[in-house]
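Enquirer: Taken in sequence, the protein lines are chains A and B. Position in the first sequence (first residue = 1) + 4 = my numbering. Position in the second sequence (first residue = 1) + 1 = my numbering. C-beta: ideal position from N, C-alpha, C; glycine also. Owing to the predicted nature of the structure, the values given are computational and were not obtained by experimental measurement.
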Amino acid sequence: MMGWLKDWTGSFSAGLMAMAAIMLAATLLAASLKLLVKQE
Amino acid sequence: MTAGEAAASSGSELTATERSALKKAAWRLLPLLTIAYLFNYFDRTVVGFAALTMNRDIGLTSSQFGFGAGLLFVTYCLFEIPSNLVLYRVGPRRWLARIMITWGIISASTAFVVGPHSFYAARLLLGAAEAGYFVGVTYYLSAWFPVQVRTRMLAWFLVGIPLSTVIGGPLAGLLLQLDGVRGFAGWQWLFLGVSLPCVAFGLIVYAALSDRPRDAKWLAPAERDALVAMLKSETRERQRSEFWPAVRDLRVLILASVQFCFTLGSYGIGIWLPQIVKGYKFSDLEVSLIVAVPYLFASAAMIVWAWHIDRTGKKVANLAVACFLGAVGLVASVLLTGSLLAALAGLTVALVGVTSARAIFWNVPTRFLTGIGAAADWPSSTPSEYLEASLAPA
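#1: By the DSSP assignment, the alpha helix (DSSP H) with L72/B in it spans what residues?
#2: Can you tell me whether F113/B is buried or exposed? The criterion is at least 16 other CB atoms within 10 Å of its CB, across all chains shown.
#3: Any C-beta of chain A sitting closer than 7 angstroms to the C-beta of G327/B?
#4: Compute the Euclidean distance between the alpha carbons of W324/B and G170/B, then round it to the nearest angstrom.
#5: Under a CB-based cut-off of 7 angstroms, is S318/B close to chain A?
#6: If you follow the alpha helix (DSSP H) that A186/B is in, where does it begin and where does it stop?
#7: Which runs of the alpha helix (DSSP H), 4 residues or longer, sit entirely within the stretch 285 to 350 of chain B?
#8: Would L37/A pass as an interface residue toward chain B - the criterion being a Cβ-Cβ separation below 7 angstroms?
#9: Taking 7 angstroms as the CB-CB cut-off, is F80/B touching chain A?
#10: Along chain A, in chain order, which residues have C-beta atoms closer than 9 angstroms to that of T313/B?
#11: Just reading off the alpha helix (DSSP H) that S258/B is part of, what are its end residues?
#12: Nearest to T166/B by alpha carbon, out of A318/B, L345/B, F43/B and L342/B?
#13: Please report whether the beta-carbon of C199/B lies at a distance below 7 angstroms from any beta-carbon of chain A.
#14: Counting only beta-carbon separations shorter than 7 angstroms, does S258/B have a partner in chain A?
#15: Distance cutoff 7 angstroms, beta carbons only. Does V253/B sit that close to anything in chain D?
#16: Less than 7 angstroms between the beta carbons of S334/B and L348/B, yes or no?
#17: Please report how far the alpha carbon of G161/B lies from the alpha carbon of S267/B, in whole angstroms.
#18: Are the Cβ atoms of L326/B and G354/B separated by less than 7 angstroms?
#19: Let's test the definition: count the other Cβ atoms within 10 Å of the Cβ of K315/B and tell me whether it reaches 16, buried, or not, exposed.
#20: Who are the neighbours of A360/B on chain A, taking C-beta pairs under 7 angstroms?
#21: Distance, Cα to Cα, P275/B vs F50/B?
#22: Give me the Cα-Cα distance between T46/B and N56/B, rounded to the nearest whole angstrom.
#23: Determine which residues of the stretch 268 to 287 of chain B have a Cβ less than 8 angstroms from any Cβ of chain A, and write them out in chain order.
#24: Can you tell me where the alpha helix (DSSP H) holding A132/B begins and where it ends?
#25: Quick check on D285/B: buried or exposed, where buried means 16 or more other Cβ atoms within 10 Å of its Cβ?
#26: Output, in chain order, the set of chain A residues within a Cβ distance shorter than 7 angstroms of V335/B.
#27: Can you tell me whether T16/B is helix, strand or coil according to DSSP?
#28: So is F263/B in contact with chain A if we call contact Cβ pairs under 7 angstroms?
#29: Starting from S211/B, trace the alpha helix (DSSP H) both ways and give me its first and last residue.
#30: Cα separation between A227/B and S21/B?
#31: Counting only C-beta atoms, is G339/B closer than 7 angstroms to chain A at any point?
#32: Roughly how many whole angstroms lie between the Cα atoms of A360/B and P295/B?
#33: Return the CA-CA distance between A344/B and A223/B, expressed in angstroms with no decimal places.
#34: If you count every other CB in all the chains shown that lies within 10 Å of the CB of Y89/B, and 16 or more means buried, which is it?
#35: Just to confirm my understanding: we take L337/B, look at its own chain, exclude 5 residues before and 5 after, and list those with CB closer than 6 angstroms. What are they?
#36: Which residue's Cα is closest to the Cα of R124/B: R94/B, I59/B, V75/B and V195/B?
What follows is the structure, encoded as structure tokens:
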């Protein structure tokens, strides 16, 4: 939570993009979970 | 449909006594716990509204504010498991009341911070005080509601999250207008106004709720027996789960990471949105009204989406889609910063994604934790859920 907030001082764009990247990571993780569950 | 009706309409196999017992219990427990959760959630994010004027008054830089806002989650995570262990020991009624009263007092005391260090201290203490409420309530609900109505009960409880900003945003705007009254700044009134009700809720919980159906004097003896019997037949079927094997399971770890990510996204937007909107030169009251709009959409979308998933059942795929929506919305809001409406539309899409992800998420473990032999029919009645809840406060 903290690392990316520090970049925030200049503009909100950097922080928003960082959060977008995190949500993309969540998407990929959830998609990989889908594959794992299928294997069972 | 109300929570009481949801409990009552849970199937024709229930007897009239069972139905009326469930209905009474739903009305007794859920409104109070949901409203308290609404305030709980808002006490964490209200700092984003307070920041509109507080940061200047006490001389916080943006990174000091962000750091302090985030500190809450450090103690929240540290105290989550200890708090749950105490809850088992002293009973949910006393412990939930304790949590509400202390968080109300500490959140109110945030009104008296004077600089970065006292702000950090207030946030650390708040995290410690709030730890365990969410998981405590899910445990509490599982002690009251048999499995066939539990998911619906949880959904009503979870609506408190997006609703907290729909209601809390304008409330925050109004409290900020008290600026100067009795010598307090608007942001000081704000902290006092949204925190002190929690102390009252805590006292009501202590007086009005009961730990177990067995102790409930507000149920007729026949209803009490019916509820106890329903729950008893079910606990016997439940297996004990092992903590470490569950932790090592790759799927649990992935799921915990996913939750960590979307929780971060949800708080990130929640805490910063007021200041982002403020950047478009609005008054504080206007900001608070504008911020409520995306959350109104998110609340509606969350309920519709959860209903859709109940019918189609593809939870993991939908979880991925919700997270992706969050990412797309955030990117769009950055690309479209030129226009408020377009940027806000992007953030609305992102909020729909992150809040729906949460609603979907709490239904996922149910299915596959059974697969690994965990107790499984209910999120957070299993130790592996504590891990998840601790990694990212719900």
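Expert: Based on what the coordinates show:
#1: S63 to V91
#2: By the 16-neighbour rule on beta-carbons within 10 angstroms, F113/B is exposed.
#3: By this cut-off, G327/B is an interface position.
#4: The sequence as given places Cys at residue 324/B; Trp does not occur at that position. Cα to Cα, C324/B sits roughly 24 angstroms from G170/B.
#5: First, the residue type needs correcting, since residue 318/B is Ala and not Ser in the sequence shown. Yes, contact with chain A.
#6: Here A186/B belongs to no alpha helix (DSSP H), and DSSP marks it neither H nor E.
#7: Runs found: 285 to 313 and 316 to 336.
#8: yes
#9: no
#10: Ordered by position in chain A, no residue passes the 9 angstroms Cβ test against T313/B, which lies about 15 angstroms from the chain.
#11: L251 to K279
#12: Each of A318/B, L345/B, F43/B and L342/B was checked against the Cα of T166/B, and the nearest Cα belongs to F43/B.
#13: no
#14: yes
#15: In the displayed structure, chain D is absent; the protein chains listed are A and B.
#16: yes
#17: For G161/B and S267/B, the distance between alpha carbons rounds to 14 angstroms.
#18: Yes; because the gap between Cβ atoms is below 7 angstroms, this pair is in contact.
#19: With fewer than 16 Cβ atoms within 10 Å of its Cβ, K315/B is classed as exposed.
#20: Per Cβ cutoff of 7 angstroms: no residues; A360/B is ~14 angstroms from chain A at best.
#21: 6 angstroms
#22: 15 angstroms
#23: Y268, G269, I270, W273, Q276, I277 and G280
#24: Segment: none, A132/B is in no alpha helix (DSSP H) and carries neither H nor E.
#25: buried
#26: S17, L20 and M21
#27: T16/B: coil per DSSP, three-state reduction.
#28: yes
#29: First-last for S211/B: undefined, no H or E at that position.
#30: 10 angstroms
#31: no
#32: 17 angstroms
#33: Their backbone Cα atoms lie some 57 angstroms apart in a straight line.
#34: exposed
#35: A343, A344 and G347
#36: V75/B
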